[in-house]
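Chemist: This is the structure, below, for whatever I ask next.
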Amino acid sequence: MRSPMPLGFALLLAATACAPTLVGDGAARPPQPPAAAADWVGHLERDLVPFWTQPAALGEPLGAFPTFRCDDGRAWDPGDPCPELAQAPGWLREALGRDYWRMRGRQTYFYGAAFHLLGEERLLELARAGALAIAAQVDGYGSIPTWIGPQGEGPARGERTAQDLAYAQLGLAMTWYLTRDPLLLEPLLAVERHLFESYWRDDWGMLAWTLDGPEAGHQELVAQLDPINAFLLLGAPSLPEPHRERWLAHLERLARVLIGRYWSE
């Protein structure tokens, strides 16, 4: 999905969540969390971790996480297709057989977040396996393929979107944040440099969606927004100088783009 939640709707949700409620005597009551912390941890342990730690989720080799899995957790098998994927919309069926690095980045992030909450070493091991698999894909330009499949990888380097790079980077940033693993630092910085040196358009004052191809002229909100929430906010506080200062400058620059180009009263 390229379009985020409409800003007005997001603000309405935030206002509703934060608005004080009235008790019986009409006095305002401070906003309450929707559930106790123990409920969130229970949801993670009961509903999420079992799905994402079964063998079919982990890939072969470990860290090559499959993008497409059935509702029961099985990986997609064209010889034994589950109906929820075999009967999916056409745009999704066209991608079956591919594995997307942005999805591996998000799954890596999940293991890191789950470790953060539960403290289970196995979850950190899975995050590190995912991050190292992503790091191994970073090429000499600092780019990462969008997907890999039976016929190779794609698309061409210049047609990869800023959003795809940002979300592949998510797994690196989360695992770096947790571990400060020196094996992750240079790949993390290489993708950042490629994005801001190659995709930044001085004539637009913003990041391009792609460098080449049919979508090269697109000006996308999420090309600016997703580097912020995927890796800059995670990585900037924990980076050594001079990288920390540069990442903070990226954050300020993109915030100004969002306000100047996409904010409206």
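Note that the sequence shown ends on residue 314 in the working numbering; no numbers are left out. C-beta atoms are modelled at their ideal positions from N, C-alpha and C, and glycine is treated no differently.
Do ALA178 and GLY220 have their beta-carbon atoms positioned less than 8 Å apart in this structure?
Modeler: No.
Chemist: Exposed or buried, ASP120, counting other C-beta atoms within 10 Å across all chains shown (16 or more means buried)?
Modeler: Burial call: exposed.
Chemist: Between which two residues does the beta strand (DSSP E) harbouring GLY154 extend?
Modeler: That residue, GLY154, is in no beta strand (DSSP E); its alpha helix (DSSP H) goes 150-167.
Chemist: So within the segment 205-290, which uninterrupted alpha helix (DSSP H) runs reach at least 4 residues, ignoring any that extend past its ends?
Modeler: You should have 211-228, 231-247, 270-276.
Chemist: Taking the DSSP output, what are the residues bridged to ALA124?
Modeler: Looking at the DSSP assignment, ALA124 forms a beta bridge with ARG118.
Chemist: Quick check on the DSSP output: the beta strand (DSSP E) that includes TRP196 runs from which residue to which?
Modeler: That run of the beta strand (DSSP E) goes 196-198.
Chemist: Assign VAL90 to buried or exposed, taking buried as 16 or more other Cβ atoms, counted over all protein chains shown, within 10 Å of its Cβ.
Modeler: VAL90 comes out exposed.
Chemist: Let me make sure I understand the geometry here. Which of GLY266, TRP196, TYR160 has the alpha-carbon closest to that of ALA180?
Modeler: When only C-alpha atoms are compared, the closest one is TYR160.
Chemist: Applying the 10 Å Cβ sphere with the 16-neighbour rule, what's the burial state of PRO138?
Modeler: The residue is exposed, with fewer than 16 neighbouring Cβ atoms inside 10 Å.
Chemist: Below 8 Å CB to CB, which residues in the same chain sit around ARG229 once its five sequence neighbours on both sides are set aside?
Modeler: Once the five neighbours on either side are set aside, the close Cβ partners of ARG229 are SER287.
Chemist: The alpha helix (DSSP H) with GLY91 in it runs from where to where?
Modeler: First-last of the alpha helix (DSSP H) with GLY91: 86-92.
Chemist: Between ARG51 and TYR248, what straight-line distance do the alpha-carbon atoms span, to the nearest angstrom?
Modeler: Here ARG51 scores only 46 on pLDDT, less than 50, and its place in the model should not be relied on; the value that follows carries that caveat. For ARG51 and TYR248, the distance between alpha carbons rounds to 17 Å.
Chemist: Which same chain residues end up closer than 7 Å to GLY191 when comparing Cβ atoms and leaving out the 5 residues on each side of it in sequence?
Modeler: The answer, listed in chain order, is ALA239, VAL240, ARG242, HIS243.
Chemist: Find the nearest neighbour of TYR149 within the set LEU256, TRP140, GLY198, judged by alpha-carbon distance.
Modeler: Selected option, being the one with the closest Cα: GLY198.
Chemist: DSSP three-state call for GLN103: helix, strand or coil?
Modeler: Note: GLN103 maps to coil in three-state DSSP.
Chemist: Consult DSSP for TRP296 and reduce its assignment to one of helix, strand or coil.
Modeler: DSSP places TRP296 in helix when its eight states are reduced to three.
Chemist: Could you tell me the distance, in whole angstroms, from the CA atom of GLN103 to the CA atom of LEU172?
Modeler: Distance between the alpha carbons of GLN103 and LEU172: 12 Å.
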